[in-house]
Amino acid sequence: MLAVTDAEVIAPPRVILDTNVLVAAGFRATSAAGRLVEVVRRGDFRLVWNEETRRENEAVLRRIPRLDWEGFRGLFDSAGEYRGETRPDRFSRIEDPEDRKFAALAAAAGAVVVSADAHLLSCRDELPIVVLTARELLTMTGGRQSPAA
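Everything in the sequence shown is counted per the UniProt record's numbering, starting at 1 for the first residue and increasing by one.
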C-alpha cells in the first residue's frame, strides 16, 4: 500500500497575475514581479487564468515592442485554466471595469490577485478577495507558501 504524505497532496497556492505584473517582469527580471514569475514557472505557485485574462495579457504583451508574449505563454498551462462562471458585475467597487475580470476570477477560483494597479490596490480592503503586490506576496510567503496559510 502506498503512503501519501501531506506535502504530496498540498497543491501550490493559486495566483492571478494582473497584466502589469507580467509587463514589469518582462522589463526587469530581478524586480519583485520578475521573481514572482520565476516562482510560478518553478511550480511553487499555480497561475490561474481564464480566456478573458489570458487574452488581455497576450494583447498587451504583444503591443509592447521590448516584450515577448512567447516568453510568457508557458505560464498559461491548461492545469491553471478556470472554465467556470465569473461575475465581474459583482465588483463595481473597482473603478476600472477592465480590472474587474481579475477580481471576479479570483473570487470564483479561490485565488489571490497579484497586481500593482492602483484601482485594485486602493479598494482591496473592501473586496471579498485578497489583492497583493508581488513584493507583498513574496515577503509574506517566502515564495513558497500560501498567503492565506
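Even glycine gets a Cβ: it sits at the ideal position worked out from N, Cα and C.
Quick caveat: nothing in here was measured; it's all calculated off a predicted structure.
- Secondary structure note for Val114: its beta strand (DSSP E) is the uninterrupted segment Val112 to Val114.
- With respect to the C-alpha of Ser78, the residue from Pro88, Arg124, Arg54 and Thr133 having the closest C-alpha is Arg54.
- By the criterion of at least three beta-carbon pairs nearer than 8 Å, the segment 100–118 is in contact with the segment 10–26.
- Exclusion of the five residues before and after Asp96 leaves His119 as the residues of its chain whose Cβ lies within less than 7 Å of its Cβ.
- Across the set Glu136, Trp69 and Ala106, the C-alpha of Ala106 shows the shortest separation from the C-alpha of Glu85.
- Under the three-state reduction of DSSP output, Arg14 falls in the strand class.
- In the DSSP assignment, Asn50 falls outside any alpha helix (DSSP H), carrying neither H nor E.
- Gly80 is positioned such that its CB atom lies closer than 9 Å to that of Arg46.
- Remark: C-beta atoms of Trp49 and Phe91 do not approach each other more closely than 9 Å.
- Here Ile10 is exposed, its C-beta having fewer than 16 other C-beta atoms within 10 Å.
- Under the three-state reduction of DSSP, Val131 is assigned to strand.
- The shortest C-alpha to C-alpha distance from Gly74 to any of Ser122, Glu136 and Val37 is the one to Val37.
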